[in-house]
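Undergrad: Sharing a structure below in structure tokens format, with a few things to ask.
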Amino acid sequence: MKDSAISANKLKKIYSSAFEKIIALKEIDIEIKKGEFVTIMGPSGAGKTTFLNLVGYLDRPTSGRLDILGGNSIELNEGRLSRIRIDKIGFVFEDFFLISSLNALENVQLPLIFAKKFKNNINPETLLKRVGLDHRLTHFPNELSGGELQRVAVARALVNNPEILLADEPTGNLDTKNAQGLFDLFRELNKEEGLTIVVATHNNRLGHSTDRIIHLKDGKIEQDERLVK
Amino acid sequence: MKFFILAYKNLKRRKSRSFLTIGGVAVAVAVLVCLLGFNAGYQGALTSDIDKMGYQVVVTAKGCPYEAATMILNGEAGLKFIDEDIYKQITSDPDIDKITPLLAQLAYDPEKMEGKGGFTNYLGIEESYMPLKPNVEIIEGKWFSGNDVNEVILGYEAAESEQKSVGDKISIPGKDIVFTIVGIFNRTGSQEDGTVFLPLKTTQRIFDTEGKLTGIGIKLKQIEKISEFEDRLYPIASIQVISMSQVKGTILNLVNSAKILIMSVAFIAIFVAIIGVINTILMSVFERTQEIGIMKAIGASRLDIFQLIWMETLIVCTLGGIFGSMIAFFGGNLVELLVRNVMPYAPGGRLLLITPELLLFSFLGVIIVGIISGLYPAFKAASMRPIEVIRSGE
Chain P
10 MKDSAISANK LKKIYSSAFE KIIALKEIDI EIKKGEFVTI MGPSGAGKTT FLNLVGYLDR
70 PTSGRLDILG GNSIELNEGR LSRIRIDKIG FVFEDFFLIS SLNALENVQL PLIFAKKFKN
130 NINPETLLKR VGLDHRLTHF PNELSGGELQ RVAVARALVN NPEILLADEP TGNLDTKNAQ
190 GLFDLFRELN KEEGLTIVVA THNNRLGHST DRIIHLKDGK IEQDERLVK
Chain Y
233 MKFFILAYKN LKRRKSRSFL TIGGVAVAVA VLVCLLGFNA GYQGALTSDI DKMGYQVVVT
293 AKGCPYEAAT MILNGEAGLK FIDEDIYKQI TSDPDIDKIT PLLAQLAYDP EKMEGKGGFT
353 NYLGIEESYM PLKPNVEIIE GKWFSGNDVN EVILGYEAAE SEQKSVGDKI SIPGKDIVFT
413 IVGIFNRTGS QEDGTVFLPL KTTQRIFDTE GKLTGIGIKL KQIEKISEFE DRLYPIASIQ
473 VISMSQVKGT ILNLVNSAKI LIMSVAFIAI FVAIIGVINT ILMSVFERTQ EIGIMKAIGA
533 SRLDIFQLIW METLIVCTLG GIFGSMIAFF GGNLVELLVR NVMPYAPGGR LLLITPELLL
593 FSFLGVIIVG IISGLYPAFK AASMRPIEVI RSGE
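The listed protein sequences correspond, in order, to chains P and Y.
In terms of this note's numbering, the first sequence opens at residue 10 and continues consecutively.
In terms of this note's numbering, the second sequence opens at residue 233 and continues consecutively.
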């Protein structure tokens, strides 16, 4: 399928500790097309983060098949995975995860250090301008507000010009106004660049501003809701 | 932005810790440089000292060879006496090229060293002394006017420190005789520069040691014949034959045991520095667990993280190497002073020979140490899994 961005088949993830086995995902099937703006919703422990981590190659599935842009992640070794992660995927986290010793611009430049050769990376300064932070280039994370931090994180996720943007609770630490602003930015990127975006969130209102909501509960898909525009 | 800058910024975050670690490496490098410099310098200085002595063989009274060796090199030739007859007896030996009798004496001079007091060396010599000492010449004045006259020739430093010149009078502490300075020897760079030379007969008379010598300096026609020569002298019970190469060996043996001791100190210093480096980097790796996870999550490969942490270690070791070399280079004189006080025998010339090659060698050494000590922390960091790392921050 040429226009498939993420394709999960009987995707299963079990976390085992010494005392118990937690089944985070119970053989779910999900198909996300290129250019879709999708929200994953559900209560805590429903498997949202697990799903995003699997898609972002931060974790490996226990069983099942997961094709990201046409490659099965189970078959790839760690070196290839980190290559794909840096070439095709951008990740935004709830806690921003910026590096405190680097300023805004350097944080955005960081993925470029690891990427070595880049075909079509975007100029970090242009990106920061785009997210509305051109006056904050040399500010360090402790000098920025929550909304600004998340914008820097988004710029960092976009600097390698990814095809898929994953965001795990990106508004969890933001106020309503900043949260809305972030989703507006996502919508803009989705429309203008055709970026595939998958966001996990608790926020029902924000979820309804996307194209599609996948409701997860106890590791299973409860409802796959396509929103009519 | 490059890896290097990223690594540098990480180190800058904990300034005092990085600085102390670098200091530890610097001290280890400085110790190593000084030690190796001493190794090269001491041996060179000793060899040149012994070459300057002129004679290859010294005959002295029997005694402790270590004591004798040290005394001979101090120009004292041992304070046990042998009969002058022995000199006459062996002069005719067919293997001898040149031979000269020596009578060394010591006198305590309370005026010496600006009133602190000290010993002055006196050496009774004959004209045959000069051919055995090709690098000794009279730069001012002339040789003694007779065999038993109250005249002295001063070593270069003796003249300099007493501020005497030819024609001046000098007295020997405790002796009621005035001597005329008739000559001054050139600077030879050996202990004899501080010695006062008198005619042999005069020395015997003044110090009440008539018919006695403390040593006989000999140059053989062929140094290879030394053992045969020694065998011939063996029946004379009261003497021993010491060759200068033996003396050198004896002193080097003494120095070697000290060297082993210092060497182990240097190795401990290096070992401690390595552990310090590993500890610092490992600590900063664990502190940055989350950060390393983030880097991996945004696309850093294992190799990237490995390189980054490794680079930090290398920066620490390189800076330590630079500072250590500087400390060794500029602090070398202090160490030289210290070593001179501790060593059983310190030859003239520089004891600490710090050459560019030596600095380069130590520097490369510390880089290699850095490469090795960075391996474990870098590997540890590279093996962190992004997902676990990110969770640990929550």
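Each residue gets a CB set at the ideal place from its N, CA and C atoms; glycine is no exception.
Residues of chain P with CB closer than 7 Å to the CB of Y/D536, please, in chain order.
TA: Looking up residue 536 of chain Y in the second sequence gives position 304. Neighbours of Y/D536 on chain P, chain order: F123.
Undergrad: Report buried or exposed for Y/D408, applying the criterion of at least 16 other Cβ atoms within 10 angstroms of its Cβ.
TA: Counting from 1 along the second sequence, the entry for residue 408 of chain Y is found at position 176. Exposed: under 16 other Cβ atoms inside 10 Å.
Undergrad: CB-CB under 7 Å to Y/M543, same chain, minus the five flanking residues each way: which ones, in chain order?
TA: If you number the second sequence from 1, residue 543 of chain Y lands on position 311. Taken in chain order, the residues that qualify are F235, F236, A239.
Undergrad: If we ignore side chains and look at the alpha-carbon of each, how far apart do Y/G443 and Y/E316 end up?
TA: Numbered from 1 along the second sequence, position 211 holds the residue referred to as residue 443 of chain Y. Numbered from 1 along the second sequence, position 84 holds the residue referred to as residue 316 of chain Y. So the two alpha carbons sit approximately 5 Å from each other.
Undergrad: Which runs of the beta strand (DSSP E), 3 residues or longer, sit entirely within the stretch 43-116 of chain P?
TA: 46-50, 72-77, 98-101
Undergrad: So, does the CB of P/N112 fall closer than 8 Å to a CB anywhere in chain Y?
TA: Taking the first sequence and counting its residues from 1, the one referred to as residue 112 of chain P is at position 103. No, P/N112 does not count as interfacial toward chain Y.
Undergrad: Per DSSP, what are the beta-bridge partners of P/R221 in this structure?
TA: Position 212 of the first sequence, counted from the start, is the residue given in the question as residue 221 of chain P. In the DSSP output, where bridge partners are listed per residue, P/R221 has P/V47, P/R235.
Undergrad: Using a Cβ-Cβ cutoff of 9 Å, what residues of the stretch 522-536 of chain Y are near chain P? List them in chain order.
TA: Considering only beta carbons, the part of the stretch 522-536 of chain Y lying closer than 9 Å to chain P consists of Q522, E523, G525, I526, M527, K528, A529, I530, G531, A532, S533, R534, L535, D536, in chain order.
Undergrad: Could you give the residue range of the beta strand (DSSP E) that holds Y/I448?
TA: Counting from 1 along the second sequence, the entry for residue 448 of chain Y is found at position 216. Its beta strand (DSSP E) spans residues 447-452.
Undergrad: Assign Y/P618 to one of three DSSP states: helix, strand, or coil.
TA: Stepping through the second sequence from its first residue, residue 618 of chain Y is reached at position 386. Secondary structure of Y/P618 (DSSP, three-state): helix.
Undergrad: CB-CB under 7 Å to Y/T323, same chain, minus the five flanking residues each way: which ones, in chain order?
TA: Reading the second sequence from its first residue, position 91 is the one you call residue 323 of chain Y. So the qualifying residues of the chain are I331.
Undergrad: Tell whether a beta-carbon distance below 8 Å holds between Y/G531 and P/I15.
TA: As a working note, residue 531 of chain Y is residue 299 in the second sequence. As a working note, residue 15 of chain P is residue 6 in the first sequence. Going by C-beta atoms, Y/G531 is not nearer than 8 Å to P/I15.
Undergrad: How many angstroms separate the CA atom of P/E45 from the CA atom of Y/F503?
TA: The sequence position of residue 45 of chain P within the first sequence is 36, counting from 1. The sequence position of residue 503 of chain Y within the second sequence is 271, counting from 1. The straight-line gap from Cα to Cα measures roughly 58 Å.
Undergrad: Kindly list the residues whose CB is nearer than 8 Å to the CB of Y/E568, restricted to its own chain and excluding five residues on each side of it in sequence; keep chain order.
TA: On the second sequence, residue 568 of chain Y is found 336 positions in, with the first residue counted as 1. Closer than 8 Å at the Cβ level, and outside the excluded window around Y/E568, lie R582, L583, L584.
Undergrad: Please work out which residues of its chain come closer than 6 Å, Cβ to Cβ, to Y/V598, disregarding the five sequence neighbours upstream and downstream, and give them in chain order.
TA: Numbered from 1 along the second sequence, position 366 holds the residue referred to as residue 598 of chain Y. Excluding residues within five positions, the ones whose Cβ falls inside 6 Å are V261, C549, G553.
Undergrad: In the DSSP assignment, the alpha helix (DSSP H) including Y/F499 goes from what residue to what residue?
TA: To locate residue 499 of chain Y, count along the second sequence from 1; it is residue 267. Its alpha helix (DSSP H) spans residues 476-519.
Undergrad: Return yes when the Cβ of Y/T435 is within less than 8 Å of the Cβ of Y/G356, no when it is not.
TA: By one-based count along the second sequence, residue 356 of chain Y stands at place 124. By one-based count along the second sequence, residue 435 of chain Y stands at place 203. Yes; because the gap between Cβ atoms is below 8 Å, this pair is in contact.
Undergrad: Under the DSSP definition of a beta bridge, which residues are partnered with P/Y24?
TA: Taking the first sequence and counting its residues from 1, the one referred to as residue 24 of chain P is at position 15. DSSP output for P/Y24 lists P/I31 as bridge partner(s).
Undergrad: Quick one: give me the first and last residue of the alpha helix (DSSP H) that Y/N353 is part of.
TA: For the purposes of this step, residue 353 of chain Y is taken as residue 121 along the second sequence, with counting starting at 1. No alpha helix (DSSP H) holds Y/N353; the beta strand (DSSP E) holding it covers 350-357.
Undergrad: Answer yes or no: do Y/I619 and P/D68 have a C-beta to C-beta separation smaller than 8 Å?
TA: Here the question's residue 619 of chain Y lines up with position 387 in the second sequence. Here the question's residue 68 of chain P lines up with position 59 in the first sequence. The answer is yes: Cβ separation under 8 Å.
Undergrad: Of the residues Y/I455, Y/S489, Y/L432, which one's Cα is nearest the Cα of Y/S360?
TA: Counting from one through the second sequence, the residue named residue 360 of chain Y turns up at place 128. Looking at the Cα atoms, Y/L432 is the closest of the given residues.
Undergrad: I'd like to know if P/A27 contacts chain Y, where contact means its C-beta is closer than 8 Å to some C-beta of that chain.
TA: In the first sequence, the residue the question calls residue 27 of chain P occupies position 18. No, P/A27 lies away from the interface with chain Y (no Cβ there is under 8 Å from its Cβ).
Undergrad: Under 7 Å between beta-carbons, which chain Y residues line up against P/L67? List them in chain order, please.
TA: The count along the first sequence starts at 1 and reaches residue 67 of chain P at position 58. A529, P618, I619, listed in chain order.
Undergrad: For the stretch 233-245 of chain Y, which residues have a beta carbon sitting closer than 8 Å to at least one beta carbon of chain P?
TA: M233, K234, F235, L238, K241, N242, K244, R245
Undergrad: Around the C-beta of Y/T371, are 16 or more other C-beta atoms found within 10 angstroms, so that it is buried, or is it exposed?
TA: On the second sequence, residue 371 of chain Y is found 139 positions in, with the first residue counted as 1. It should be pointed out that residue 371 of chain Y corresponds to Ile in this sequence rather than to Thr. By the neighbour-count criterion, in which a residue is buried when 16 or more other Cβ atoms sit within 10 angstroms of its Cβ, Y/I371 is exposed.
Undergrad: Rounding to the nearest angstrom, what Cα-Cα distance links Y/F538 and Y/I603 in this structure?
TA: Here residue 538 of chain Y refers to the residue found at position 306 of the second sequence. Here residue 603 of chain Y refers to the residue found at position 371 of the second sequence. Going from the Cα of Y/F538 to the Cα of Y/I603 covers about 12 Å.
Undergrad: Three or more C-beta pairs under 8 Å: does that hold for the stretch 447-454 of chain Y against the stretch 387-404 of chain Y?
TA: no
Undergrad: Let me confirm a value: Y/I474 is counted as buried when at least 16 other C-beta atoms fall within 10 Å, else exposed. Which label applies?
TA: Numbered from its first residue, the second sequence carries residue 474 of chain Y at position 242. Buried is the call here.
Undergrad: Any beta carbon from chain Y within less than 8 Å of P/I15's own beta carbon?
TA: Position 6 of the first sequence, counted from the first residue, corresponds to residue 15 of chain P. No - not a single Cβ of chain Y is within 8 Å of the one on P/I15.
Undergrad: Could you check whether P/L107 and P/T147 sit closer than 8 Å to each other, using their CB atoms as the reference points?
TA: For the purposes of this step, residue 147 of chain P is identified with residue 138 of the first sequence, where counting begins at 1. For the purposes of this step, residue 107 of chain P is identified with residue 98 of the first sequence, where counting begins at 1. Result no, Cβ atoms of P/T147 and P/L107 do not sit closer than 8 Å.
Undergrad: Can you tell me whether P/R235 is buried or exposed? The criterion is at least 16 other CB atoms within 10 Å of its CB, across all chains shown.
TA: In the first sequence, residue 235 of chain P corresponds to position 226, counting from 1. That one is exposed.
Undergrad: Assuming the contact rule is C-beta atoms closer than 8 Å, P/L175 and P/G65 should be a hit. Round their C-beta distance to whole Å, please.
TA: As a working mapping, residue 175 of chain P is identified with position 166 in the first sequence. As a working mapping, residue 65 of chain P is identified with position 56 in the first sequence. Indeed, because the Cβ distance is near 5 Å, the residues count as touching under 8 Å.
Undergrad: Using a C-beta cutoff of 8 Å, does P/L119 count as contacting chain Y?
TA: Residue numbering aside, residue 119 of chain P sits at position 110 when the first sequence is read from its first letter. True, the Cβ-Cβ gap to chain Y drops below 8 Å.
Undergrad: Counting along the chain, where does the alpha helix (DSSP H) carrying Y/T323 start and finish?
TA: In the second sequence, the residue the question calls residue 323 of chain Y occupies position 91. That run of the alpha helix (DSSP H) goes 316-323.
Undergrad: If we count the other Cβ atoms within 10 Å of its Cβ and call it buried at 16 or more, is Y/G378 buried or exposed?
TA: Residue 378 of chain Y sits at position 146 when you count from the first residue of the second sequence. With a 10 Å radius around the Cβ and a threshold of 16 neighbouring Cβ atoms, Y/G378 comes out exposed.
Undergrad: Spatial neighbours of P/N18 within its chain, please: C-beta separation below 7 Å, excluding the five flanking residues on both sides.
TA: For the purposes of this step, residue 18 of chain P is taken as residue 9 along the first sequence, with counting starting at 1. For P/N18, where only same-chain residues beyond five positions count, the Cβ hits under 7 Å are D38, G73, R74.
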